[in-house]
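S.K.: As given, the protein sequences belong to chains X and V, one line each in that order.
Going by this note's numbering, the residue at position 131 of the first sequence is 131; the numbering climbs one at a time, nothing skipped.
Offset between the second sequence (1-based) and this note's numbering: plus 429.
For glycine and all other residues, C-beta sits at the position ideal for the given N, C-alpha and C.
2 protein chains.
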Amino acid sequence: MRTAVELIAAKRDGKRLADEEIRWLIGEFAEDRLPAYQMSALAMAIFYNGLDDRETRTWTDAMLRSGRVLDLAHLGSGRVDKHSTGGVGDKISLPLAPAAAACGVLVPMVAGRGLGHTGGTIDKLEAIPGYRASLDVDTFAGIVREHGFCIMGQTEDIAPADKRLYALRDVTGTVESIPLITASIMSKKLAEGIEGLILDVKVGPGAFMKTRERARELAERMVAVGGEMGKRVIAFLTRMDAPLGRMVGNACEVAESIDVLRGGGPADVVELVEVLGGAMVEVAKGVSFDEGRARIRAALNDGSALARFRGSIAAQGGDLDALPTPTGETVVTAPRDGHVAMIDGHEVGLTAMSLGAGRRRREDVIDPVVGVRVDAMVGAEVAAGAPLATILHGAGGPPPAEAIARLRAAFTLSDTETPVAPLIIERIG
Amino acid sequence: MRTAVELIAAKRDGKRLADEEIRWLIGEFAEDRLPAYQMSALAMAIFYNGLDDRETRTWTDAMLRSGRVLDLAHLGSGRVDKHSTGGVGDKISLPLAPAAAACGVLVPMVAGRGLGHTGGTIDKLEAIPGYRASLDVDTFAGIVREHGFCIMGQTEDIAPADKRLYALRDVTGTVESIPLITASIMSKKLAEGIEGLILDVKVGPGAFMKTRERARELAERMVAVGGEMGKRVIAFLTRMDAPLGRMVGNACEVAESIDVLRGGGPADVVELVEVLGGAMVEVAKGVSFDEGRARIRAALNDGSALARFRGSIAAQGGDLDALPTPTGETVVTAPRDGHVAMIDGHEVGLTAMSLGAGRRRREDVIDPVVGVRVDAMVGAEVAAGAPLATILHGAGGPPPAEAIARLRAAFTLSDTETPVAPLIIERIG
Numbered sequence: 001m002r003t004a005v006e007l008i009a010a011k012r013d014g015k016r017l018a019d020e021e022i023r024w025l026i027g028e029f030a031e032d033r034l035p036a037y038q039m040s041a042l043a044m045a046i047f048y049n050g051l052d053d054r055e056t057r058t059w060t061d062a063m064l065r066s067g068r069v070l071d072l073a074h075l076g077s078g079r080v081d082k083h084s085t086g087g088v089g090d091k092i093s094l095p096l097a098p099a100a101a102a103c104g105v106l107v108p109m110v111a112g113r114g115l116g117h118t119g120g121t122i123d124k125l126e127a128i129p130g131y132r133a134s135l136d137v138d139t140f141a142g143i144v145r146e147h148g149f150c151i152m153g154q155t156e157d158i159a160p161a162d163k164r165l166y167a168l169r170d171v172t173g174t175v176e177s178i179p180l181i182t183a184s185i186m187s188k189k190l191a192e193g194i195e196g197l198i199l200d201v202k203v204g205p206g207a208f209m210k211t212r213e214r215a216r217e218l219a220e221r222m223v224a225v226g227g228e229m230g231k232r233v234i235a236f237l238t239r240m241d242a243p244l245g246r247m248v249g250n251a252c253e254v255a256e257s258i259d260v261l262r263g264g265g266p267a268d269v270v271e272l273v274e275v276l277g278g279a280m281v282e283v284a285k286g287v288s289f290d291e292g293r294a295r296i297r298a299a300l301n302d303g304s305a306l307a308r309f310r311g312s313i314a315a316q317g318g319d320l321d322a323l324p325t326p327t328g329e330t331v332v333t334a335p336r337d338g339h340v341a342m343i344d345g346h347e348v349g350l351t352a353m354s355l356g357a358g359r360r361r362r363e364d365v366i367d368p369v370v371g372v373r374v375d376a377m378v379g380a381e382v383a384a385g386a387p388l389a390t391i392l393h394g395a396g397g398p399p400p401a402e403a404i405a406r407l408r409a410a411f412t413l414s415d416t417e418t419p420v421a422p423l424i425i426e427r428i429g
Numbered sequence: 430m431r432t433a434v435e436l437i438a439a440k441r442d443g444k445r446l447a448d449e450e451i452r453w454l455i456g457e458f459a460e461d462r463l464p465a466y467q468m469s470a471l472a473m474a475i476f477y478n479g480l481d482d483r484e485t486r487t488w489t490d491a492m493l494r495s496g497r498v499l500d501l502a503h504l505g506s507g508r509v510d511k512h513s514t515g516g517v518g519d520k521i522s523l524p525l526a527p528a529a530a531a532c533g534v535l536v537p538m539v540a541g542r543g544l545g546h547t548g549g550t551i552d553k554l555e556a557i558p559g560y561r562a563s564l565d566v567d568t569f570a571g572i573v574r575e576h577g578f579c580i581m582g583q584t585e586d587i588a589p590a591d592k593r594l595y596a597l598r599d600v601t602g603t604v605e606s607i608p609l610i611t612a613s614i615m616s617k618k619l620a621e622g623i624e625g626l627i628l629d630v631k632v633g634p635g636a637f638m639k640t641r642e643r644a645r646e647l648a649e650r651m652v653a654v655g656g657e658m659g660k661r662v663i664a665f666l667t668r669m670d671a672p673l674g675r676m677v678g679n680a681c682e683v684a685e686s687i688d689v690l691r692g693g694g695p696a697d698v699v700e701l702v703e704v705l706g707g708a709m710v711e712v713a714k715g716v717s718f719d720e721g722r723a724r725i726r727a728a729l730n731d732g733s734a735l736a737r738f739r740g741s742i743a744a745q746g747g748d749l750d751a752l753p754t755p756t757g758e759t760v761v762t763a764p765r766d767g768h769v770a771m772i773d774g775h776e777v778g779l780t781a782m783s784l785g786a787g788r789r790r791r792e793d794v795i796d797p798v799v800g801v802r803v804d805a806m807v808g809a810e811v812a813a814g815a816p817l818a819t820i821l822h823g824a825g826g827p828p829p830a831e832a833i834a835r836l837r838a839a840f841t842l843s844d845t846e847t848p849v850a851p852l853i854i855e856r857i858g
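1) Name the residue from X:Gly-86, X:Tyr-131, X:Lys-285, X:Leu-276 whose alpha carbon lies nearest to the alpha carbon of X:Gly-78.
2) Is V:Leu-446 close to chain X, meaning its C-beta is less than 9 Å from at least one C-beta of that chain?
3) For X:Pro-243 and V:Ala-636, I'd like the C-alpha separation in whole angstroms.
4) Specify the secondary structure class of X:Lys-11 as computed by DSSP and reduced to three states.
5) Would you say X:Pro-160 and X:Ala-30 are within 9 Å of each other, going by their C-beta atoms?
6) Establish whether the CB of X:Leu-168 and some CB of chain V are separated by less than 9 Å.
7) Verify the contact flag: X:Pro-243, CB atom, against every heavy atom of the ligand ATP, threshold strictly below 8 Å.
8) Less than 8 Å between the CB atoms is what I'm expecting for V:Arg-724 and V:Cys-532, so what's the real figure, rounded?
9) Would you kindly report the start and end of the unbroken beta strand (DSSP E) that includes V:Thr-762?
10) For X:Val-275, list the residues DSSP reports as bridge partners.
11) Measuring straight from C-alpha to C-alpha, what distance separates X:Gly-328 and X:Ala-357?
12) Which one or two residues does DSSP pair with V:Ile-820 in a beta bridge?
13) Taking X:Glu-271 and X:Leu-423 to be in contact with their CB atoms under 8 Å, please state how far apart those CB atoms are, rounded to whole angstroms.
14) I need the boundaries of the alpha helix (DSSP H) containing X:Ser-414, first residue and last residue.
15) Ordered along the chain, which non-local residues of its own chain (more than five positions away) have a Cβ less than 6 Å from that of X:Ile-366?
16) Can you give me the start and stop residues for the alpha helix (DSSP H) that X:Thr-60 sits inside?
17) Alpha carbons only, please: which of V:Asp-591, V:Asp-599, V:Ala-540 is nearest the one belonging to V:Ile-580?
18) Does the distance from the CB of X:Gly-379 to the CB of X:His-339 come in under 9 Å?
19) Closer than 8 Å, Cβ to Cβ, to anything on chain B: give me those residues from the segment 456-468 of chain V, in chain order.
20) Would V:Ile-687 and V:Phe-718 qualify as a contact pair, given that the criterion is a beta-carbon distance under 9 Å?
21) The beta strand (DSSP E) with X:Gly-85 in it runs from where to where?
22) Among residues of its own chain, excluding the 5 on either side of X:Ala-255, which ones have a beta-carbon nearer than 8 Å to its beta-carbon?
23) Three-state secondary structure (DSSP) at V:Lys-631?
24) Should X:Gly-204 be labelled buried (16 or more other beta-carbon atoms within 10 Å of its own) or exposed?
25) From the DSSP output, in three-state form, read off X:Gly-67 for me.
26) Report buried or exposed for X:Gly-278, applying the criterion of at least 16 other Cβ atoms within 10 angstroms of its Cβ.
27) Under 7 Å between beta-carbons, which chain V residues line up against X:Gly-429? List them in chain order, please.
28) List, from N- to C-terminal side, the alpha helix (DSSP H) runs of 4 residues or more that fit wholly inside the segment 538-604 of chain V.
29) Mind checking X:Thr-121: buried by the 16 CB within 10 Å criterion, or exposed?
30) By Cβ distance, which residues of its chain are closer than 7 Å to X:Ala-97, with the 5 residues on each side in sequence left out?
31) Answer with yes or no whether the minimum CB distance from V:Ala-438 to chain X is below 9 Å.
32) Which value, in whole angstroms, describes the spacing of the CA atoms of V:Asp-804 and V:Arg-790?
33) Quick one: what's got a C-beta closer than 8 Å to X:Gly-396's C-beta in the same chain, skipping five residues either side?
34) Just checking my contact of X:Val-80 with X:Ile-198 at CB under 8 Å: how many whole Å lie between their CB atoms?
35) Using 9 Å as the limit for Cβ to Cβ distance, is X:Thr-211 near chain V?
36) Between which two residues does the beta strand (DSSP E) harbouring V:Gly-787 extend?
Next up, the structure:
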């Protein structure tokens, strides 16, 4: 077999790597026998020359097999999860997983923590007093069996090669590679022992994928690689040019999720839950997407999704009735009359983070009640002095003036009415 | 200033790096504060997107300043050196430096050791009993002042950032980058305190630059970057589709060099010494190239170049009269009648290395008398059974059969006469 430097040079020159070469590279890297400086040079070569579907499949599979792969076949079929490329205010997993579970889907969801301007599903759930994110596999499987879904935090032994590679890509300018992103997401998700995966690929200036073309490229690649690995993958490109829903934070996003599970909540969150959930039911139960969507809507309206949520969260020790509330509020007002044309989600996310709702560095501690509530969503007409958003105070009390100014600046007001673009752009797969 | 990962991403996306950013990167890397995995990712991005003349100049200057820069201004003006991209049998420095010195050029030459199929100038000189390659700077400068030239081995403190970067590029598939090659060569050579540099860029299937286009690109870049740094650089593209001269080894190449210094020797070696030396005289003395070349030819013919060689080598402890000779010879014969159309220098070099004339690994010890003498040069007509080449034995005695077969296979015989292409392809600068 070729040496590491020959493999780097081959990929540099646009050649294919053989299956056993990829498995060897990932294996050596995971075991710390392939130096990081070789892997980072290879990642940069892949940034330019890519990996084809076969190479991506093998790369994914090698990372997947670098750690523990859950075998949940004993739970029966219909195991489907969802993954989102991440957005500000994206609490979708919280109402989605129980709604899908209420429709008979089994959802073994392993979720992450947030860093930077986007929050993490586990951070949101940890705002619930008593909730334990860290479970052993038997407990996790038992909760999925009993309540239809369970959301737990990532463990050290799931796809450790991906963890190592992601940390390296993060500091070497090699994050933005479609095949490496695909392999990273798929290796972690397929380690959950699922049969199908629904993807929410965000598109927009503040999203990881800035253009529809790049987002489609990623979605198509994930659908193709999933297919190569015998998994049904459906991807939706969804618009992200404002925070999702009204709430950005942790406890407040849990509260908003409960609103949705009670049949209420913001229209964009409800629509996304219905669409992604409809596809989950389609894949798990073999019904049409429209039928799946109708079942999700019913589960949100009849209380069955909320019951699933209460049950699973309680099984993880969480007491929803003890959800903490803000220590105060500061209203951020419109500087003039106008229509809300755009809300810069990235800036809203960074403002919330700066107040304690998120982490700048991995070791930062989150204040669960800090958050931002968007009062005037895109399309709304506001008068000068009317509320644009409200800052929810935490232990630190009222926000500094810079945070207020920054949040105000995140809103673009226009003199004319702005048409609201549809949330769902396209379905792939 | 931007962070390391931002600089990698900028170069990845084809953007320019600012002077202070390049100086910071090289400085941090030299001091082991910039991790190798970031530098290798950056080197791969440079492989694809290059560095412009300004960036290359700054990169070169930063590597140059990472270590000691000799100040030889006190020796007076006319300090010019030569660099070759390396070839099999390339002993040119040995007759060239004293010939140029005999014409009044000051040649402070810092040379390297060989690895793989090409030998190193220092390895060749070390075949001379008593010769010391390792000198302190004052001794080096004193020998240049007295004898007009001195060839010493590389020291740890010349361009240490280049040494570190070259070792990293070697294991990360990032050697073949024109701007990084330029910066590597120029940073080491300009640390010698020279005013001008003559470059011999080899072109051919066995050379570092395989095509005339790539060789010209490198030559033009070196001329441009030298100019940006206030140095006169002239480059020659020269053909390398056979070993240079008849001898490949160490003691035998010294002996062949002495032949040239006596006004004899193979025509190709003599021509290259005249051309490169002519350009050195042109740069150092401000005469025309033709006048410079005529002076070099005279110095080879009138014994003044040989006297310089004897003087400088003796000053380094070397006893030319004690040059060791082979312990025996094995003739490699032509398998059939024919004309020598091509001699694969790479294969000849690897055969000589395998017998002990060179190093496979850095720690290997060289046998100074082992070597290969080419008996039938390109263009020669041979009869079946006539000598193609002769293996010169060392302490290990006669060569194994594989070495004989390999050396025979390095000769391509054709039924028709092959025109010999000119050695000098083009002058740049």
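M.R.: By the coordinates alone:
1) Within the first sequence, numbered from 1, the residue matching residue 78 of chain X stands at position 78. Closest by alpha carbon: X:Lys-285.
2) Position 17 of the second sequence, counted from the start, is the residue given in the question as residue 446 of chain V. No, because no Cβ of chain X sits closer than 9 Å to the Cβ of V:Leu-446.
3) As a position in the first sequence, residue 243 of chain X is number 243, starting the count at 1. As a position in the second sequence, residue 636 of chain V is number 207, starting the count at 1. Spanning the two alpha carbons is a distance of roughly 58 Å.
4) For the purposes of this step, residue 11 of chain X is taken as residue 11 along the first sequence, with counting starting at 1. Three-state DSSP puts X:Lys-11 in a helix.
5) Reading the first sequence from its first residue, position 160 is the one you call residue 160 of chain X. Reading the first sequence from its first residue, position 30 is the one you call residue 30 of chain X. The answer is yes: Cβ separation under 9 Å.
6) Your numbering for residue 168 of chain X matches position 168 in the first sequence. Closer than 9 Å: yes.
7) As for the ligand ATP, it is missing from this structure, which has no ligand bound.
8) Residue numbering aside, residue 724 of chain V sits at position 295 when the second sequence is read from its first letter. Residue numbering aside, residue 532 of chain V sits at position 103 when the second sequence is read from its first letter. Right, their Cβ atoms sit about 5 Å apart.
9) For this step, residue 762 of chain V is matched to residue 333 along the second sequence. From DSSP, the beta strand (DSSP E) with V:Thr-762 extends over 758-762.
10) What you label residue 275 of chain X is simply residue 275 of the first sequence in a count that begins at 1. In DSSP, X:Val-275 forms no bridge with anything.
11) Translated into positions along the first sequence, residue 328 of chain X becomes position 328. Translated into positions along the first sequence, residue 357 of chain X becomes position 357. Between X:Gly-328 and X:Ala-357, the C-alpha separation is close to 15 Å.
12) Numbered from 1 along the second sequence, position 391 holds the residue referred to as residue 820 of chain V. Answer is V:Thr-759, V:Val-801.
13) Within the first sequence, numbered from 1, the residue matching residue 271 of chain X stands at position 271. Within the first sequence, numbered from 1, the residue matching residue 423 of chain X stands at position 423. Indeed they touch by this definition, with Cβ atoms about 6 Å apart.
14) Working through the first sequence from its first residue, we reach residue 414 of chain X at position 414. Note, X:Ser-414: premise wrong, no alpha helix (DSSP H); beta strand (DSSP E) at 411-414.
15) Reading the first sequence from its first residue, position 366 is the one you call residue 366 of chain X. The answer, listed in chain order, is Asp-123.
16) Residue numbering aside, residue 60 of chain X sits at position 60 when the first sequence is read from its first letter. X:Thr-60 -> alpha helix (DSSP H) spans 53-64.
17) Sequence index remark: in the second sequence, residue 580 of chain V carries index 151 (1-based). The residue with the shortest Cα to Cα distance from V:Ile-580 is V:Ala-540.
18) As a working note, residue 379 of chain X is residue 379 in the first sequence. As a working note, residue 339 of chain X is residue 339 in the first sequence. For X:Gly-379 and X:His-339, yes; Cβs fall inside 9 Å.
19) Reference to chain B is not applicable here, since the protein chains of this structure are X and V.
20) By 1-based counting over the second sequence, the position of residue 687 of chain V is 258. By 1-based counting over the second sequence, the position of residue 718 of chain V is 289. Not in contact: V:Ile-687 and V:Phe-718 (Cβ atoms no closer than 9 Å).
21) One-based indexing of the first sequence puts residue 85 of chain X at position 85. Reading off the sequence shown, one finds Thr at residue 85 of chain X, where the question assumed Gly. First-last for X:Thr-85: undefined, no H or E at that position.
22) Along the first sequence, read from residue 1 onward, the residue named residue 255 of chain X stands at position 255. Once the five neighbours on either side are set aside, the close Cβ partners of X:Ala-255 are Met-247, Leu-323.
23) Counting from 1 along the second sequence, the entry for residue 631 of chain V is found at position 202. Three-state DSSP puts V:Lys-631 in a strand.
24) For this step, residue 204 of chain X is matched to residue 204 along the first sequence. X:Gly-204 comes out buried.
25) Against the first sequence, residue 67 of chain X aligns to sequence position 67. If DSSP states are grouped into helix, strand and coil, X:Gly-67 belongs with coil.
26) Taking the first residue of the first sequence as 1, we reach residue 278 of chain X at position 278. So X:Gly-278 ends up on the buried side.
27) Here residue 429 of chain X is taken as the residue at index 429 of the first sequence, counted from 1. Near X:Gly-429 there are no residues of chain V at all, since even the closest Cβ is about 30 Å away, more than 7 Å.
28) 550-554, 566-576, 589-599
29) Residue 121 of chain X sits at position 121 when you count from the first residue of the first sequence. X:Thr-121 is buried by the Cβ-count criterion.
30) Position 97 of the first sequence, counted from the first residue, corresponds to residue 97 of chain X. Same-chain partners within the cutoff: Val-107, Met-109, Phe-149, Ile-151.
31) Within the second sequence, the letter at position 9 stands for residue 438 of chain V. V:Ala-438 counts as touching chain X.
32) Residue mapping note: residue 804 of chain V aligns to position 375 of the second sequence, counting from 1. Residue mapping note: residue 790 of chain V aligns to position 361 of the second sequence, counting from 1. Their Cα atoms are separated by approximately 29 Å.
33) In the first sequence, residue 396 of chain X corresponds to position 396, counting from 1. Taken in chain order, the residues that qualify are Leu-355, Gly-356, Asp-367, Val-370.
34) In the first sequence, residue 80 of chain X corresponds to position 80, counting from 1. In the first sequence, residue 198 of chain X corresponds to position 198, counting from 1. So it is a contact: roughly 7 Å between Cβ atoms.
35) In the first sequence, the residue the question calls residue 211 of chain X occupies position 211. No, no contact with chain V.
36) The residue labelled residue 787 of chain V in the question sits at position 358 within the second sequence. Careful: V:Gly-787 lies outside any beta strand (DSSP E) and carries neither H nor E.
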